[in-house]
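To start, the structure itself, in structure tokens.
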Amino acid sequence: MNHLLKCSFIAYFLILFLTYITSPTSAYFTDGNEQSIQIKMGSWWDKSELSFMDIPVNDALTVCGEPAEIKALIQNKGFTMLDGTSYRIYKNEKMIEDGNLPAVKTGETAPLSIKAGEAGTYRFEVDQRPGYGGNDKETASISSHPVEVKGCSVTAEEGTEPFDDESGLKQTHEPASADLSAGREPAARSESEVITDHEGEIADESSETNR
Numbered sequence: 037m038n039h040l041l042k043c044s045f046i047a048y049f050l051i052l053f054l055t056y057i058t059s060p061t062s063a064y065f066t067d068g069n070e071q072s073i074q075i076k077m078g079s080w081w082d083k084s085e086l087s088f089m090d091i092p093v094n095d096a097l098t099v100c101g102e103p104a105e106i107k108a109l110i111q112n113k114g115f116t117m118l119d120g121t122s123y124r125i126y127k128n129e130k131m132i133e134d135g136n137l138p139a140v141k142t143g144e145t146a147p148l149s150i151k152a153g154e155a156g157t158y159r160f161e162v163d164q165r166p167g168y169g170g171n172d173k174e175t176a177s178i179s180s181h182p183v184e185v186k187g188c189s190v191t192a193e194e195g196t197e198p199f200d201d202e203s204g205l206k207q208t209h210e211p212a213s214a215d216l217s218a219g220r221e222p223a224a225r226s227e228s229e230v231i232t233d234h235e236g237e238i239a240d241e242s243s244e245t246n247r
């Protein structure tokens, strides 16, 4: 009897112990240590740095018959670009062309050009890569020096008349007519004409004498 009672108490305490160690309290403690980590990703700058190289420009760049070609050269002074970027071309501060500039490797250059068919002031603009300088909110861009293209000026040759650069109209010039009635003296006679007239007067006098 006593032995059976002892066994019952042991079994009872064993059940209580097992119930305690498997209780929701321990499970809740484990769940409380699990955390969700969120990382906010921004624009990652590839450390490239674009700039325009100075190219000598012909001061007498004009549009006359054929379009005038304007060139620009972009150099990457930073790391190799991971992707391309956008560019724009302006005439008199109005965008006339846009496109994509392919990725430029470190230390290398890439050309841009346009054939200007009209007079005006032209310039190029290129965007830096996203996140340039650690700025994720705004897109940085660089601009070339403006290039002025003048209109065609034609001189009067073989019946053609000159054009005005600004208006594009022909400039007409009427020949000045001699006005003898205004008291102007006639042009001086040549020596040959004077000798011819003198010989004519001698001949007339000879004919009068013979009569």
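Residue 37 is where the sequence shown starts when you use this note's numbering, and the numbers rise one by one after that. Beta carbons are placed, not taken as given, at the ideal position from N, Cα and C, and that holds for glycine. This one's a predicted model, so the numbers in the text were calculated from it and none came from an experiment.
Could you pull the start and end residues of the beta strand (DSSP E) that residue i belongs to?
i      : result
Glu105 : 104-112
Ile178 : 177-179
Go through its chain and collect everything with a Cβ distance to residue i's Cβ below 6 Å, but skip five positions before and after it.
i      : result
Gln111 : Ser87, Met89, Thr145
Thr175 : Asp163
Cys100 : Cys188
According to DSSP, what are the bridge partners of residue i?
i      : result
Leu52  : Looking at the DSSP assignment, Leu52 forms no beta bridge with any residue, so it has no partner.
Ala146 : Ile110
Asn136 : Ser122
Tyr158 : Lys127, Val183
Thr98  : Lys186
Phe88  : Ile110
Lys283 : With the chain running from 37 to 247 in the structure shown, residue 283 is simply not present.
Lys151 : Glu105
Asp163 : Ser177
What do you reckon, are the CB atoms on residue i and residue j nearer than 7 Å?
i      : j      : result
Leu97  : Pro147 : no
Ser149 : Lys107 : yes
Asn136 : Gly114 : no
Glu161 : Ser177 : yes
Trp80  : Gly167 : yes
Beta-carbon within less than 7 Å of residue i's beta-carbon, same chain only, minus the 5 sequence neighbours each way: which residues are those?
i      : result
Met117 : Asp82, Ser84, Ala139, Val140, Arg165
Gly156 : Lys127, Asn128, Val185
Gly195 : In this predicted model, Gly195 has a pLDDT of only 45, less than 50, meaning its place in the structure is not dependable enough to derive any value.
Thr142 : Asn112, Gly114, Phe115, Thr116
For the ligand GTP, is there any heavy atom lying closer than 6 Å to the beta carbon of residue i?
i      : result
Gly101 : Although the ligand GTP was asked about, the structure shown includes no ligands whatsoever.
Take residue i and list the residues in its own chain whose beta-carbon comes closer than 8 Å to its own, dropping the five residues that flank it on each side.
i      : result
Phe65  : With a pLDDT of 44 at Phe65, under the threshold of 50, the predicted position of this residue should be treated as unreliable, though the coordinate-derived value follows. Cβ neighbours of Phe65 beyond the five flanking positions: none.
Ile91  : Lys107, Ala108, Leu109
Glu105 : Ser149, Ile150, Lys151, Ala152
Asn171 : none
Pro182 : Thr157, Tyr158, Arg159
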